[in-house]
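Read the structure below first, then the notes.
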Amino acid sequence: MDGRQFKVGIRMPCSSKRCRCSRSGVIRSVPSFLQQAIEPGERLALDYLGEVGREIGHRLSGLIDLIDPEVVIVGGEAARFGPALIEPLLATVRESSFATPPPIEIDWDNNVWSRGASALAIQQFFDFESTAGFERESGTRPTGHT
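Taking my numbering, the leading residue of the sequence shown gets 21, the next gets one more, and so forth.
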């Protein structure tokens with residue numbers, strides 16, 4: 021990869037409920053009561069989230085094998101389910117990938133987008149290569165200066 025970043029949403033066949041994005045099967049369309057059910061450790065909720073985590077892991081490993089990214093960041097609303105979803109997801113990616121998968125970081129706070137936007141703004145602000153005083157490797161100065 022050449023450093024480009026992109027976001028991928030994974031739709032799940034196990035949920036037919038409509039999401040606020042108007043699609044069905046989106047992980048955020050999983051009922052919110054599930055979050056409350058995993059806190060006391062209800063076995064049915066934990067089993068369901070484990071199944072969903074494994075399904076996402078299979079899909080993610082396919083994307084990893086196809087795209088070969090340097091790092092994967094898992095976040096968004098799915099991360100709110102914590103280890104009940106994330107641990108099976110990570111285990112499945114390790115088991116299902118053709119090669120050793122890249123580092124997988126978990127965005128527990130769901131704020132990686134704001135940090136990425138900040139990094140791009142700072143990079144743009146300090147992009148000295150596009151300023152008038154930059155000398156290129158060939159030793160020539162940019163044209164258009166008098």
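No residue lacks a Cβ here, since even glycine has one placed at the ideal position from N, Cα and C. Quick caveat: nothing in here was measured; it's all calculated off a predicted structure.
What residues are listed by DSSP as bridge partners for residue i?
{"i": "Ile84", "result": "Paired residues: none, contrary to the question."}
{"i": "Ile124", "result": "Val92"}
Do residue j and residue i come within 8 Å of each other at the CB atom, strictly closer than that value?
{"i": "Ala104", "j": "Ile58", "result": "yes"}
{"i": "Leu109", "j": "Gly77", "result": "yes"}
{"i": "Asp127", "j": "Ile106", "result": "no"}
Could you tell me the distance, in whole angstroms, from the CA atom of residue i to the CA atom of residue j?
{"i": "Ser49", "j": "Gly73", "result": "Confidence is the limiting factor: at Ser49 the pLDDT is only 48, short of 50, which leaves the residue's position unreliable, though a coordinate-based value still follows. Computed Cα separation, rounded: 15 Å."}
{"i": "Asp147", "j": "Gly136", "result": "16 Å"}
{"i": "Ile142", "j": "Gly61", "result": "43 Å"}
{"i": "Ala111", "j": "Val132", "result": "23 Å"}
{"i": "Asp129", "j": "Gln56", "result": "18 Å"}
{"i": "Ser116", "j": "Leu83", "result": "11 Å"}
{"i": "Phe145", "j": "Ser134", "result": "16 Å"}
{"i": "Leu140", "j": "Gly96", "result": "20 Å"}
{"i": "Phe118", "j": "Ser138", "result": "34 Å"}
{"i": "Ile79", "j": "Leu66", "result": "Per the sequence presented here, residue 79 reads as Arg, with Ile not at that position. Between Arg79 and Leu66, the C-alpha separation is close to 20 Å."}
{"i": "Ile124", "j": "Asp85", "result": "14 Å"}
{"i": "Arg114", "j": "Glu75", "result": "13 Å"}
Below 8 Å on the Cβ atoms is my guess for residue i versus residue j; work out the distance and round it to an integer in Å.
{"i": "Phe101", "j": "Leu69", "result": "5 Å"}
{"i": "Ser81", "j": "Pro122", "result": "About 11 Å separates the two Cβ atoms, so there is no contact after all."}
Which term fits residue i, buried or exposed, when burial requires 16 or more other beta carbons within 10 angstroms of its beta carbon?
{"i": "Glu90", "result": "exposed"}
{"i": "Ile87", "result": "exposed"}
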